[in-house]
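Residue numbers (my numbering), protein chains in the order written: chain V, 2 to 277; chain B, 2 to 277. Glycine included, each C-beta is placed from N, C-alpha and C at the ideal position. Keep in mind the model is a prediction, meaning the values are calculated, not measured. Step one of this worksheet: look at the structure below.
Number of protein chains: 2
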Amino acid sequence: MGSNAYPLSINQVTMRDRWSLRQAVEGCARHGVRGIATWRDKLQECGIQEGARIIADHGLTVTGHLRAGMFPAATPEGRRKAIDDNKRAIDEAAAIKAQCLVLLGGGIPEGSKDLAGTRRMFVDGLGEVLPYARAAGVKMAIEPLHPMYAADRNCINLLSQANDICDELGEGVGITYDVYHLWWDPNLKAETERAGKVPGRIVAFHVCDWLVPTKDFLTDRGMMGDGVIDIPLIRSWVEETGYDGFCEVEILSSRWWAEDPDKVIETCIERCRTVC
Amino acid sequence: MGSNAYPLSINQVTMRDRWSLRQAVEGCARHGVRGIATWRDKLQECGIQEGARIIADHGLTVTGHLRAGMFPAATPEGRRKAIDDNKRAIDEAAAIKAQCLVLLGGGIPEGSKDLAGTRRMFVDGLGEVLPYARAAGVKMAIEPLHPMYAADRNCINLLSQANDICDELGEGVGITYDVYHLWWDPNLKAETERAGKVPGRIVAFHVCDWLVPTKDFLTDRGMMGDGVIDIPLIRSWVEETGYDGFCEVEILSSRWWAEDPDKVIETCIERCRTVC
């Protein structure tokens, strides 16, 4: 197992909050990692133009900028604020030449139980900002998250939903494909093939692992190889679609956040070579 | 909202470990609850014939006996033990005239990452015990559990999977339909309609609620009305299939386990009337 030929990218959240953007860029470069995914707060803290310069100086590809979307809101004012915030995120993604802006669906608005309506709000919001993203040359990449986040974080929970939305909205919308969120889906192979019919629809490929037991809903994701996900199998499905981008490691983990970030990156490199 | 005309059943786990089977039966009867779902350890502790007698004496319907299935195993010996254990569970369910034996899929065997193979093992195991269940007149009711349990508890995670297995194995197999596990699925309405095309396929209807935030993977389920599930909407889909059984309350919750069980039952009755 493990013959991952994709170039490696490290999502900045993997070292959170140990490193600033500058430290993360320098750390990736120091270890020969050629890609990074950036987070909005870290970029803003650094300054957008300064961040863009640091990234360019080190020759890194930004495999994704996180995160936007989250259009559902309880009020028209809330929806308007989400639209405006997405436009700012698009500007940031353009400034750092990110391969995509990663979109979460957002949760059910406070006081509501209307999950279908929440999902519709996401699609409507994305449709509204899409011309702005197209004009900026920024790909909007929907990331379906595990169904355990459907209520409060992301109402888009299946690859089939992301495919449906891409079909509906057309050019400029793609998918962030994360094995952690999708691995359990019995329709995953078929929906991956479906995504593959549109060249470029899969914009990013994320890896980490599902631990047994998992002790926290958000911060107990595993290093590749420490859990039960058959990453090489899923990667082979993604490869068959023609995806030829980066393999991005994104691990939200209090266990790995407590480690020396250089050691974390070394472990990511070794695991990507051996078990992904 | 809330015009639930289904008779109420209480799943014994809702009062766990406060009450024995006898106490749970007497408690349900005392509050006018006409159904109960029983757990194997509690029945065995009471004695199977004695348990059957207590239930019959109080005129309660057993809406489900929990739990069996869990056929996937790392070794042929493990698979054989699961088959034997399922036969004992079928005997118990028959003795207490349970409307169904509730089946979990089981998790991925230790050392394996083969989720598809795990799912196949479940179907093969169920196929092997099915003649025994048919002969005993016990309906085998697959309960899809939320995808967050796919690794270690139940590899059957979508209503579509349960429908597929029912289609494949035919007579004697049905579905335990639990809103907690299924509510987030964008295909739920369509798959409920599909289930409804086979009369009697939906054998049991379970309710509780999804809390925001949910703090524990297993023991933080909510009382109906305290979470985000639109239970009346989902119940309306189940009603449209012609399901005319009980509405079974099953709440695994350290919060409710700490309460007086009589108060818990009173709350279940009130919530089923007002928000289910």
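Residue i CB to nearest chain B CB: under 9 Å?
i: Phe247 of chain V; result: no
i: Pro73 of chain V; result: no
i: Ala117 of chain V; result: yes
i: Trp184 of chain V; result: yes
i: Arg107 of chain V; result: The displayed chain sequence assigns Gly, not Arg, to residue 107 of chain V. Closer than 9 Å: no.
i: Arg195 of chain V; result: no
Which value, in whole angstroms, describes the spacing of the CA atoms of residue i and residue j?
i: Tyr244 of chain B; j: Ala6 of chain B; result: 12 Å
i: Pro214 of chain V; j: Gly112 of chain B; result: 14 Å
i: Leu234 of chain B; j: Leu22 of chain B; result: 33 Å
i: Ala134 of chain B; j: Lys140 of chain B; result: 7 Å
i: Val63 of chain V; j: Trp257 of chain V; result: 22 Å
i: Gly173 of chain B; j: Asn188 of chain B; result: 25 Å
i: Ala151 of chain B; j: Gly65 of chain V; result: 28 Å
i: Val124 of chain V; j: Lys264 of chain B; result: 43 Å
i: Met149 of chain B; j: Asp221 of chain B; result: 13 Å
i: Met122 of chain B; j: Asn164 of chain B; result: 17 Å
i: Glu260 of chain B; j: Leu219 of chain B; result: 18 Å
i: Pro200 of chain B; j: Asp18 of chain V; result: 55 Å
i: Ile166 of chain V; j: Lys114 of chain V; result: 22 Å
i: Gln162 of chain V; j: Ile84 of chain V; result: 21 Å
i: Arg81 of chain B; j: Leu212 of chain V; result: 28 Å
i: Arg272 of chain V; j: Ile232 of chain V; result: 11 Å
i: Ile270 of chain B; j: Ala196 of chain B; result: 28 Å
i: Gly48 of chain V; j: Asn12 of chain V; result: 19 Å
i: Gln24 of chain V; j: Cys248 of chain V; result: 21 Å
i: Asp86 of chain V; j: Ala69 of chain V; result: 8 Å
i: Tyr181 of chain B; j: Val250 of chain V; result: 31 Å
i: Glu51 of chain V; j: Ile252 of chain V; result: 26 Å
Using a Cβ-Cβ distance under 9 Å, would residue i count as near chain V?
i: Lys114 of chain B; result: yes
i: Ser161 of chain B; result: yes
i: Asn188 of chain B; result: yes
i: Gly79 of chain B; result: no
i: Ile166 of chain B; result: no
i: Arg135 of chain B; result: no
i: Phe218 of chain B; result: yes
i: Arg256 of chain B; result: no
i: Arg120 of chain B; result: yes
Can you tell me the Cβ-Cβ gap for residue i and residue j, rounded? I've got them flagged as a contact below 8 Å.
i: Ala137 of chain B; j: Ile176 of chain B; result: 19 Å between Cβ atoms; not a contact.
i: Glu144 of chain V; j: Leu116 of chain V; result: That pair is no contact at about 18 Å.
i: Ile266 of chain V; j: Val34 of chain V; result: 7 Å
i: Ile230 of chain B; j: Asp210 of chain B; result: 5 Å
i: His59 of chain B; j: Val103 of chain B; result: With a Cβ gap of about 21 Å, His59 of chain B and Val103 of chain B do not count as contacting.
i: Leu281 of chain B; j: Ala95 of chain B; result: Any answer about residue 281 of chain B is impossible in this case: the structure gives chain B only from 2 up to 277.
Anything in the segment 226-237 of chain V with a Cβ closer than 9 Å to a Cβ of chain B? List those residues in chain order, please.
-> For the segment 226-237 of chain V, the beta-carbon criterion of a distance under 9 Å to any beta-carbon of chain B is satisfied by Gly228, Val229, Ile230, Asp231, Ile232 and Leu234.
What are the residues of the segment 137-158 of chain V that lie near chain B, defined by any Cβ-Cβ distance shorter than 7 Å?
-> Look at the segment 137-158 of chain V: the residues with a C-beta under 7 Å from a C-beta of chain B are His147, Pro148, Met149, Ala151, Ala152, Asp153 and Asn158.
Could I get the ranges of all uninterrupted beta strand (DSSP E) runs contained in the segment 57-131 of chain B, with 3 residues as the minimum, in chain order?
-> If one requires a minimum length of 3 residues, the beta strand (DSSP E) runs lying completely within the segment 57-131 of chain B are 62-70 and 102-105, in chain order.
Going along the chain, which unbroken runs of the beta strand (DSSP E) with 3 or more residues stay wholly within the segment 229-272 of chain B?
-> Runs of the beta strand (DSSP E) lying entirely within the segment 229-272 of chain B and spanning at least 3 residues, in chain order: 248-250.
Pull out every residue of the segment 198-216 of chain V whose Cβ sits closer than 9 Å to any Cβ of chain B, in chain order.
-> Against chain B - using a Cβ distance shorter than 9 Å - the residues of the segment 198-216 of chain V are Trp211, Leu212, Val213, Pro214, Thr215 and Lys216.
Taking the runs of the beta strand (DSSP E) that are 3 residues or longer, which of them lie wholly in the segment 168-236 of chain V?
-> Fully enclosed beta strand (DSSP E) runs of 3 or longer: 174-179 and 203-208.
Output the residue ranges of the beta strand (DSSP E) runs that lie fully inside the segment 10-57 of chain V and measure 3 residues or longer, sorted by chain position.
-> Scanning the segment 10-57 of chain V from its first residue to its last, the whole beta strand (DSSP E) runs of 3-plus residues come out as 36-40.
Any chance you could list the beta strand (DSSP E) runs of at least 3 consecutive residues sitting entirely within the segment 129-155 of chain B, in chain order?
-> 141-143, all fully within the segment 129-155 of chain B.
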